[in-house]
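Enquirer: Here it is, the structure in full.
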Amino acid sequence: MPLANPHPIDSTSVLAWYDSHARELPWRVAPSDRRQGVRPDPYRVWLSEVMLQQTTVAAVKAYFVRFTTLWPTVLDLAATPLESVLREWAGLGYYARARNLHACAKAVVAEHGGAFPDSAAGLQSLPGIGPYTSAAIAAICFDERVAVLDGNLDRVLARYYALEVPVRDAKEALRGALQLAVPERAGDFAQAMMDLGATICAPRAAMCLVCPLHNDCEARRQGEPTRYPIKPVKTERPVRKGHAFVMRDAAGDVYLQSRPPKGLLAGMTEVPTSDWSDDLGEPNFPAEGDWRRHEQVVHVFTHFRLELEVWSAQVAPDGLDAGWWAPTKALKGEALPTLFRKVLAEAGFS
DNA sequence: AAGACGGGGAG
DNA sequence: CTCCCAGTCTT
Numbered sequence: 001m002p003l004a005n006p007h008p009i010d011s012t013s014v015l016a017w018y019d020s021h022a023r024e025l026p027w028r029v030a031p032s033d034r035r036q037g038v039r040p041d042p043y044r045v046w047l048s049e050v051m052l053q054q055t056t057v058a059a060v061k062a063y064f065v066r067f068t069t070l071w072p073t074v075l076d077l078a079a080t081p082l083e084s085v086l087r088e089w090a091g092l093g094y095y096a097r098a099r100n101l102h103a104c105a106k107a108v109v110a111e112h113g114g115a116f117p118d119s120a121a122g123l124q125s126l127p128g129i130g131p132y133t134s135a136a137i138a139a140i141c142f143d144e145r146v147a148v149l150d151g152n153l154d155r156v157l158a159r160y161y162a163l164e165v166p167v168r169d170a171k172e173a174l175r176g177a178l179q180l181a182v183p184e185r186a187g188d189f190a191q192a193m194m195d196l197g198a199t200i201c202a203p204r205a206a207m208c209l210v211c212p213l214h215n216d217c218e219a220r221r222q223g224e225p226t227r228y229p230i231k232p233v234k235t236e237r238p239v240r241k242g243h244a245f246v247m248r249d250a251a252g253d254v255y256l257q258s259r260p261p262k263g264l265l266a267g268m269t270e271v272p273t274s275d276w277s278d279d280l281g282e283p284n285f286p287a288e289g290d291w292r293r294h295e296q297v298v299h300v301f302t303h304f305r306l307e308l309e310v311w312s313a314q315v316a317p318d319g320l321d322a323g324w325w326a327p328t329k330a331l332k333g334e335a336l337p338t339l340f341r342k343v344l345a346e347a348g349f350s
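Letter by letter, the first sequence follows residues 1 to 350 of UniProt numbering.
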C-alpha cells in the first residue's frame with residue numbers, strides 16, 4: 001500500500017510545537033526539563049502506558065496517582081498480592097492488564113534486577129507489553145529512535161497521507177513512514193505526535209489552522225480531513241440477557257464471589273448470576289427467599305450488550321459457601337467491576 | 001486475520 | 001444513540 005503524500009513528516013516543526021504546547025501530565029517529564037537532562041522514571045512511564053491502553057487520559061489520572069502512592073517503585077508493586085492490584089484496578093476495565101501488570105513487575109524484579117529493559121525489543125518480551133507500549137517506553141525513557149504508533153497516530157497519519165484504506169490494512173506502511181521521521185529527541189517526538197492527535201487532529205474535529213503539519217497534510221489539502229481514517233465495516237453488537245441475584249443475610253451483609261480466572265472480568269468480584277444468553281429464561285434463584293425484582297441493568301461491553309434483571313432477597317446462608325459475605329461498608333474496597341457496582345446500586349446497595 | 005476483552009466521555 | 005480512546009493476547 002503506497003502512501004499518497006510524498007512529503008516526509010517534519011519532526012522539527014512538530015517538536016517546536018510540542019515545546020510550547022505539551023500537555024502537563026502526572027507521568028510526564030516536561031520538554032524543558034527533558035532537555036536539561038531530567039530522565040523519566042521507566043516504572044512510572046510503563047504504568048501510565050499500560051493504564052492508557054484503550055483508555056482515556058482523563059480516566060487514567062486518578063488511578064495513576066493512587067497506584068504510585070500505594071506502590072512508588074516496581075519493587076513495591078511486585079511485592080504486593082495480585083488481589084490488591086485487582087482491587088485497585090477495579091473500574092478501569094480490561095482486567096487482563098492488571099494481571100499482566102503484576103506479572104510484568106514480578107518479571108522485572110526477578111529477571112532484570114528491578115530495572116526495566118532499555119530497548120523496545122527487550123521490553124516487548126514482558127507480559128502486557130506489545131508493539132505500542134514497548135516502543136513508547138523505549139522512546140520516552142531511552143530516546144530509542146523507534147516509531148511509536150497508537151490510535152492517535154493512526155488518525156494523524158491516515159489524514160496526513162489521505163489513506164484510502166482502513167488503517168489496519170496499511171499499518172506497516174504507516175510505521176515505515178513514521179520511522180523515517182523519528183528524530184534524535186525520539187521520546188519528545190512520540191509524545192508530541194500523541195498530543196497532536198489528542199488536541200489538534202482530534203477524531204471529530206481537525207484544527208488544521210494551528211497544526212504544525214498543516215502545510216504538507218494531504219487530507220487538509222483535500223479540504224475534508226475528518227473523512228480519514230476510513231472506517232472498517234462494523235459488525236453489529238449482539239444482546240445477551242440474564243438474571244443477577246443480590247443476597248443479604250440477617251446482618252445485612254451481601255453475598256459475593258470470585259469470577260473464574262480466565263475470560264470476561266477474570267478474577268474480579270461478582271454477585272451470582274444466571275447464564276447470559278440470547279433469550280431471558282425464568283430466574284433460577286440460588287436460595288430460598290422473598291425475592292424482589294428491581295430495574296434492569298444494561299451494560300455495554302466491546303463485543304456484546306448485556307441486560308441483567310436484578311433481584312434481591314434476604315436469605316439463609318445455608319449452602320452458600322463458594323463466596324463470602326461482605327458488609328455494605330466494605331463494598332467500596334472489593335474488586336467489583338462497574339457492571340456489578342451498577343447491579344448492587346440497583347438493588348439498594350451503594 | 002479475526003475476535004475477546006471494559007468503561008466512560010464527547011457530540 | 002454512536003464513536004473511540006497512549007492495545008494486547010489468543011485462536
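Even glycine gets a Cβ: it sits at the ideal position worked out from N, Cα and C.
If you're wondering where the values come from, they're calculated on a predicted model, not measured in any experiment.
#1: Could you name the residues of the same chain whose beta carbon sits closer than 8 Å to that of D253, not counting the 5 residues immediately before and after it, in chain order?
#2: Check whether the stretch 187-206 touches the stretch 144-155, taking contact to mean three or more Cβ pairs, one atom from each stretch, closer than 8 Å.
#3: In three-state DSSP terms, what is H243?
#4: With C217 and R175 assumed to form a contact (beta carbons below 8 Å), what rounded beta-carbon distance in angstroms separates them?
#5: Could you tell me which whole beta strand (DSSP E) segments of length 3 or greater appear in the stretch 198-267?
#6: State the beta-bridge partners of S312 as determined by DSSP.
#7: What are the start and end residues of the alpha helix (DSSP H) that includes V156?
#8: Going straight from the alpha carbon of G187 to that of G128, what length do you get?
#9: Is the beta carbon of A335 sitting closer than 7 Å to the one on A90?
#10: Let me know the secondary structure DSSP gives V182 once reduced to three states.
#11: To which residues of the same chain is I137 closer than 8 Å at the C-beta, ignoring the five residues directly before and after it?
#12: Write down the C-beta distance between P183 and L15 rounded to the nearest angstrom, noting that I regard them as a contact closer than 8 Å.
#13: Return the chain-ordered list of same chain residues with a C-beta closer than 6 Å to the C-beta of W17, the five sequence neighbours on each side being excluded.
#14: What residue range does the beta strand (DSSP E) around W324 cover?
#15: Tell me whether Q296 is buried or exposed, calling it buried when 16 or more other Cβ atoms sit within 10 Å of its Cβ.
#16: Would you identify the three-state DSSP class for R168, choosing helix, strand or coil?
#17: Exposed or buried, what is E172 when buried is set at 16 or more other beta-carbons lying within 10 Å of its beta-carbon?
#18: Helix or strand or just coil, what does DSSP make of T273?
#19: Might you give, ordered along the chain, the residues of its own chain that have their beta carbon closer than 7 Å to the beta carbon of Q179, omitting 5 neighbours on each side?
#20: For L306, which residues does DSSP report across the bridge?
#21: Within this structure, are the beta carbons of P40 and C141 separated by less than 7 Å?
#22: Cα-Cα, which of G223, Q257, P238 is closest to P337?
#23: If R66 sits next to L82, beta carbons under 8 Å apart, how far is it from one beta carbon to the other, in whole angstroms?
#24: Between which two residues does the alpha helix (DSSP H) harbouring R39 extend?
#25: Could you pull out every residue in the same chain whose Cβ sits closer than 8 Å to the Cβ of V210, ignoring the five residues on either side in sequence?
#26: Using 8 Å for Cβ pairs, my map puts W311 next to A250. What's the rounded Cβ distance?
#27: Output the residue ranges of the beta strand (DSSP E) runs that lie fully inside the stretch 69-98 and measure 3 residues or longer, sorted by chain position.
#28: Run the CB neighbour count on P229, radius 10 Å, all protein chains shown included, and call it buried at 16 or more, exposed below.
#29: Just reading off the alpha helix (DSSP H) that E24 is part of, what are its end residues?
#30: Give the DSSP-derived three-state secondary structure of L196 in the structure shown.
#31: Short of 8 Å in beta carbon distance, which residues of its chain neighbour P261, apart from the five on each side in sequence? Order them along the chain.
#32: Cα-Cα, which of A30, S274, R35, L101 is closest to R240?
#33: Measure the beta-carbon distance from L75 to V109 and round it to whole angstroms, keeping in mind my assumption that it falls under 8 Å.
#34: Classify S350 as buried or exposed, calling it buried when 16 or more other Cβ atoms lie within 10 Å of its own Cβ.
Expert: In short, the structure shows the following:
#1: On the first sequence, position 253 is the one that residue 253 refers to. In chain order, W325, A326, P327, T328 place their CB closer than 8 Å to the CB of D253, counting only its own chain and leaving out the 5 sequence neighbours on each side.
#2: Two segments are said to touch when three or more pairs of C-beta atoms, one from each, lie closer than 8 Å; by this definition the stretch 187-206 touches the stretch 144-155.
#3: For the purposes of this step, residue 243 is taken as residue 243 along the first sequence, with counting starting at 1. Residue state, collapsed to three classes: strand.
#4: In the first sequence, residue 217 corresponds to position 217, counting from 1. In the first sequence, residue 175 corresponds to position 175, counting from 1. Contact between C217 and R175 does not hold, since the beta-carbon distance rounds to 19 Å and is not under 8 Å.
#5: You should have 239-248, 254-258.
#6: By one-based count along the first sequence, residue 312 stands at place 312. For S312, which the question treats as bridged, DSSP gives the partners V246, R292.
#7: Reading the first sequence from its first residue, position 156 is the one you call residue 156. Where V156 is concerned, the enclosing alpha helix (DSSP H) stretches over 151-160.
#8: Along the first sequence, read from residue 1 onward, the residue named residue 187 stands at position 187. Along the first sequence, read from residue 1 onward, the residue named residue 128 stands at position 128. Answer to the nearest angstrom: the Cα atoms are 21 Å apart.
#9: Taking the first residue of the first sequence as position 1, residue 335 is located at position 335. Taking the first residue of the first sequence as position 1, residue 90 is located at position 90. In terms of Cβ geometry, A335 and A90 form a close pair [threshold 7 Å].
#10: Sequence index remark: in the first sequence, residue 182 carries index 182 (1-based). The answer is coil: DSSP assigns V182 none of H, G, I, E or B.
#11: Counted from its first residue, the first sequence places residue 137 at position 137. Within the same chain, Cβ atoms closer than 8 Å to the Cβ of I137 are found at P42, V45, W46, E49, F116, A120, L123, I129, the five residues on either side in sequence being excluded.
#12: Taking the first sequence and counting its residues from 1, one reaches residue 183 at position 183. Taking the first sequence and counting its residues from 1, one reaches residue 15 at position 15. The beta-carbon separation of P183 and L15, rounded to 7 Å, stays under the 8 Å limit for a contact.
#13: As a first step, residue 17 is located in the first sequence; it is residue number 17 there, counting from the start. Spatial neighbours of W17 in its own chain (CB-CB distance under 6 Å, excluding positions within 5 residues in sequence) are listed in chain order as P212.
#14: Along the first sequence, read from residue 1 onward, the residue named residue 324 stands at position 324. Segment 324-326, the beta strand (DSSP E) holding W324.
#15: Mapped onto the first sequence, residue 296 falls at position 296. Counting every other CB atom within 10 Å of its CB across the protein chains shown gives Q296 a total below 16, marking it as exposed.
#16: On the first sequence, residue 168 is found 168 positions in, with the first residue counted as 1. Three-state result, R168: helix.
#17: Against the first sequence, residue 172 aligns to sequence position 172. Per the 10 Å Cβ criterion, exposed.
#18: Position 273 of the first sequence, counted from the start, is the residue given in the question as residue 273. Under the three-state reduction of DSSP, T273 is assigned to strand.
#19: As a first step, residue 179 is located in the first sequence; it is residue number 179 there, counting from the start. Closer than 7 Å at Cβ, skipping near neighbours: A147.
#20: Locating residue 306 in the first sequence gives position 306, where the first residue counts as 1. L306 has R240, H299 as its beta-bridge partners, per DSSP.
#21: Taking the first residue of the first sequence as position 1, residue 40 is located at position 40. Taking the first residue of the first sequence as position 1, residue 141 is located at position 141. A Cβ-Cβ contact shorter than 7 Å links P40 with C141.
#22: Here residue 337 refers to the residue found at position 337 of the first sequence. With distances taken between Cα atoms, P337 lies closest to Q257.
#23: Start at 1 with the first residue of the first sequence, and residue 66 comes out as number 66. Start at 1 with the first residue of the first sequence, and residue 82 comes out as number 82. Under the criterion of beta carbons closer than 8 Å, R66 and L82 do not qualify as touching, at roughly 17 Å.
#24: Indexing the first sequence from 1 puts residue 39 at position 39. Per DSSP, R39 is not a residue of any alpha helix (DSSP H), being assigned neither H nor E.
#25: Position 210 of the first sequence, counted from the first residue, corresponds to residue 210. The answer, listed in chain order, is I200.
#26: Looking up residue 311 in the first sequence gives position 311. Looking up residue 250 in the first sequence gives position 250. Not really, about 18 Å apart at Cβ, beyond 8 Å.
#27: Runs of the beta strand (DSSP E) inside the stretch 69-98: none found.
#28: Within the first sequence, the letter at position 229 stands for residue 229. Buried, since its Cβ has 16 or more Cβ neighbours within 10 Å.
#29: As a working note, residue 24 is residue 24 in the first sequence. Where E24 is concerned, there is no enclosing alpha helix (DSSP H), given that its DSSP letter is neither H nor E.
#30: Counted from its first residue, the first sequence places residue 196 at position 196. L196: helix per DSSP, three-state reduction.
#31: Taking the first sequence and counting its residues from 1, the one referred to as residue 261 is at position 261. Residues G267 of the same chain have their beta carbon placed closer than 8 Å to that of P261, with the five preceding and five following residues left out of the count.
#32: Position 240 of the first sequence, counted from the first residue, corresponds to residue 240. Out of A30, S274, R35, L101, S274 has the C-alpha closest to the C-alpha of R240.
#33: Taking the first residue of the first sequence as 1, we reach residue 75 at position 75. Taking the first residue of the first sequence as 1, we reach residue 109 at position 109. Confirmed, about 6 Å.
#34: Here the question's residue 350 lines up with position 350 in the first sequence. With fewer than 16 neighbouring CB atoms inside 10 Å of its own CB, S350 falls in the exposed class.
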